[in-house]
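Enquirer:
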Amino acid sequence: MEDAGLTLDDLPDELLMRILAQVKDPFELLTVVPLVCKRWHAVHREPETWAQVRLEEYAAEDDEDAKWELVNILQRAPYVQYLSGDLLRSPEMFAAVASSGVVVEEYRQPYHHKYEFVRPERLPILLDMLYRSRHVIRVAEVELDNYGHERVVDSGGRNALEVLLSLKKLEELVVRGRSELPYHGELAQGLPCLKKLKVSECGLGGILDQVMSTDLIRGSKKLRCIKLVPVGCTGERTGIMRLQQECLKEAKNCPRLEAVELSVGTTDWHNSRRLAKYIRELLQTFEGFSPTLRRIDISVQLVWYGMREADDATYDRTLAACEEEATKLKRVNRALEITFACTQGHPEQVMHGGDPDNDGWRQLVGPNDRVVYHW
1 MEDAGLTLDD LPDELLMRIL AQVKDPFELL TVVPLVCKRW HAVHREPETW AQVRLEEYAA
61 EDDEDAKWEL VNILQRAPYV QYLSGDLLRS PEMFAAVASS GVVVEEYRQP YHHKYEFVRP
121 ERLPILLDML YRSRHVIRVA EVELDNYGHE RVVDSGGRNA LEVLLSLKKL EELVVRGRSE
181 LPYHGELAQG LPCLKKLKVS ECGLGGILDQ VMSTDLIRGS KKLRCIKLVP VGCTGERTGI
241 MRLQQECLKE AKNCPRLEAV ELSVGTTDWH NSRRLAKYIR ELLQTFEGFS PTLRRIDISV
301 QLVWYGMREA DDATYDRTLA ACEEEATKLK RVNRALEITF ACTQGHPEQV MHGGDPDNDG
361 WRQLVGPNDR VVYHW
């Protein structure tokens, strides 16, 4: 640039901010960059300068220095590419988000425990942040709950469904709920850019409204991946099974659908025929799907009461039943890939943060073992 007679001072602000965005470290953007010169000071808190900042988990909950450094960053951050919900576990973090007006491009909630939710009194702050970010946010995780039939709203009086509908740039959505939520067709028009949808029941008190889930699938024409996952176990999980079947019927009309992931849970693991019947009903639903569909992943969770464990014969019967039903669908669509994986666990592990990676679960079939059925 010197040969051409140009210096950094000659660059337009847009290009200068793109260069400064390579710094990525929010602490340096706040404390070092503004000290270089007046011009850098003028742009150091512009959203474009923060376009590559990622705020993820801090080292430990008891690290007070790290916590307060992040509080300071959140209070002053205008924009972040990624914000981890793990940072919002403390009231200080939520207060920082409320006072900063930060806009986020990607918000995820990496749960350490399957039933760790944002407290109801803090949800309005989270909804405010999502609504502020509506013109840029691409990835979001949203909790839907009526909290004793009291609808949580943001500072503008918008409930979670109305905020969700405003996220027109959203490409990936994880929606969770613990109980029945009043629904009146708010999501019937879908989300125009949505490509990946995960619907998850969280807790033992009900499922997300079937009409809401099917509306979202029907209205989102660019969907490529649908994931339907229950968390917790309620007998035969008839609610989530019904939700899966209704959603799959609607997903048949998604012209770009490439992958479907399902989780099937049963407490009656001695009755492999009953599980096979449900697997059969699920797989029959896929007949007539768009030719773009290439992958079906089904996770089978065998949940036992008491301290008994299923024996190898039970595993074999269950998985053989799955394989038999998958073979029938294979005759319909030879290009389709179907994968089964199986875990077993006790309801206590499910209710208190159970996970196949934690004690209390046994991985029966998985990526490091054998795949039951894989084309």
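Just so you know, the UniProt record's numbering puts 13 at position 13 of the sequence shown, and the rest follows in order with no gaps.
The beta carbon of each residue, even a glycine, is placed where N, CA and C say it ideally should be.
Remember, it's a predicted structure, so these values are computed and weren't measured experimentally.
1) Can you find the residues in the same chain that come closer than 8 Å, C-beta to C-beta, to Leu11, ignoring five residues on each side of it along the sequence?
2) For the pair the segment 64 to 80 and the segment 29 to 46, tell me if three or more CB-CB distances fall below 8 Å.
3) Note down, in chain order, each residue of its chain lying with its Cβ closer than 7 Å to the Cβ of Glu136, except the 5 sequence neighbours on either side.
4) Kindly list the residues whose CB is nearer than 6 Å to the CB of Leu293, restricted to its own chain and excluding five residues on each side of it in sequence; keep chain order.
5) Helix, strand or coil for Ser213, going by three-state DSSP, please let me know.
6) So, helix, strand or coil for Asp297, using DSSP?
7) Which residues bound the alpha helix (DSSP H) around Ser84?
8) Curious, which full-length alpha helix (DSSP H) runs of at least 4 residues does the UniProt domain "F-box" (5 to 53) contain?
9) Can you list, in chain order, the residues of its chain with a C-beta nearer than 6 Å to that of Val260? Leave out the 5 residues immediately preceding and following it.
10) How big is the Cα-Cα spacing for Arg274 and Glu281?
11) What are the boundary residues of the beta strand (DSSP E) that Glu143 is part of?
12) Compute the Euclidean distance between the alpha carbons of Glu56 and Leu83, then round it to the nearest angstrom.
13) Whose C-alpha, out of Glu171, Lys195, Glu162 and Val163, is nearest the C-alpha of Val139?
14) Please check the pair Arg39 and Asp9, which I expect to be a contact at CB under 8 Å, by giving their CB distance rounded to whole angstroms.
15) Can you tell me which of the three DSSP states Arg132 falls into?
16) Can you give the Cα-Cα distance for Leu244 and Lys221, rounded to whole angstroms?
17) State the Cα-Cα distance for the pair Lys249 and Arg134, rounded to the nearest angstrom.
18) Could you give the C-beta distance for Tyr79 and Ala96, rounded to a whole number, given that I count them as a contact under 8 Å?
19) Is Glu287 buried or exposed, if buried means 16 or more other CB atoms sit within 10 Å of its CB?
20) So Arg224 packs on Lys198, CB below 8 Å; how close in whole Å?
21) Can you list, in chain order, the residues of its chain whose CB lies under 8 Å from that of Glu14, leaving out five sequence neighbours each side?
22) Can you tell me which residues form a DSSP beta bridge with Arg108?
23) Under DSSP, the alpha helix (DSSP H) around Gln75 begins and ends at which residues?
Expert: A quick look at the data gives this:
1) As a working note, residue 11 is residue 11 in the sequence shown. Closer than 8 Å at the Cβ level, and outside the excluded window around Leu11, lie Ile19.
2) yes
3) Counting from one through the sequence shown, the residue named residue 136 turns up at place 136. The amino acid at residue 136 is misidentified as Glu; the sequence shows Val. Counting only Cβ-Cβ distances below 7 Å, and skipping sequence neighbours, we find Val103, Glu105 and Lys169.
4) As a working mapping, residue 293 is identified with position 293 in the sequence shown. Contacts found: Leu257.
5) Indexing the sequence shown from 1 puts residue 213 at position 213. In this structure, Ser213 counts as helix in the three-state DSSP scheme.
6) Along the sequence shown, read from residue 1 onward, the residue named residue 297 stands at position 297. Strand at Asp297.
7) Sequence index remark: in the sequence shown, residue 84 carries index 84 (1-based). First-last for Ser84: Tyr82 to Ser84, but that is the beta strand (DSSP E), not the alpha helix (DSSP H).
8) 13 to 20, 26 to 31 and 38 to 43
9) Your numbering for residue 260 matches position 260 in the sequence shown. Cβ neighbours of Val260 beyond the five flanking positions: Ile226 and Ile296.
10) In the sequence shown, the residue the question calls residue 274 occupies position 274. In the sequence shown, the residue the question calls residue 281 occupies position 281. Arg274 and Glu281: Cα-Cα distance of roughly 11 Å.
11) Within the sequence shown, residue 143 is the residue found at index 143, counting from 1. Taken as a continuous stretch (DSSP letters only), the beta strand (DSSP E) holding Glu143 covers Val139 to Leu144.
12) Your numbering for residue 56 matches position 56 in the sequence shown. Your numbering for residue 83 matches position 83 in the sequence shown. Straight-line Cα distance between these residues: approximately 6 Å.
13) The residue labelled residue 139 in the question sits at position 139 within the sequence shown. The candidate whose alpha carbon is nearest that of Val139 is Glu171.
14) What you label residue 39 is simply residue 39 of the sequence shown in a count that begins at 1. What you label residue 9 is simply residue 9 of the sequence shown in a count that begins at 1. Indeed they touch by this definition, with Cβ atoms about 7 Å apart.
15) Walking along the sequence shown from the start, residue 132 turns up at place 132. Looking at Arg132 - three-state DSSP - the assignment turns out to be helix.
16) Indexing the sequence shown from 1 puts residue 244 at position 244. Indexing the sequence shown from 1 puts residue 221 at position 221. Per the sequence shown, the amino acid found at residue 244 is Gln instead of Leu. Their Cα atoms are separated by approximately 19 Å.
17) Taking the first residue of the sequence shown as position 1, residue 249 is located at position 249. Taking the first residue of the sequence shown as position 1, residue 134 is located at position 134. Each residue's alpha carbon lies about 30 Å from the other.
18) For the purposes of this step, residue 79 is taken as residue 79 along the sequence shown, with counting starting at 1. For the purposes of this step, residue 96 is taken as residue 96 along the sequence shown, with counting starting at 1. Tyr79 to Ala96, Cβ: 15 Å. No contact.
19) What you label residue 287 is simply residue 287 of the sequence shown in a count that begins at 1. Exposed is the call here.
20) What you label residue 224 is simply residue 224 of the sequence shown in a count that begins at 1. What you label residue 198 is simply residue 198 of the sequence shown in a count that begins at 1. Incorrect: roughly 13 Å between the Cβ atoms, too far for contact.
21) Here residue 14 is taken as the residue at index 14 of the sequence shown, counted from 1. The residues are Glu48.
22) One-based indexing of the sequence shown puts residue 108 at position 108. Per DSSP, Ser84.
23) Sequence index remark: in the sequence shown, residue 75 carries index 75 (1-based). Glu64 to Arg76 is the extent of the alpha helix (DSSP H) around Gln75.
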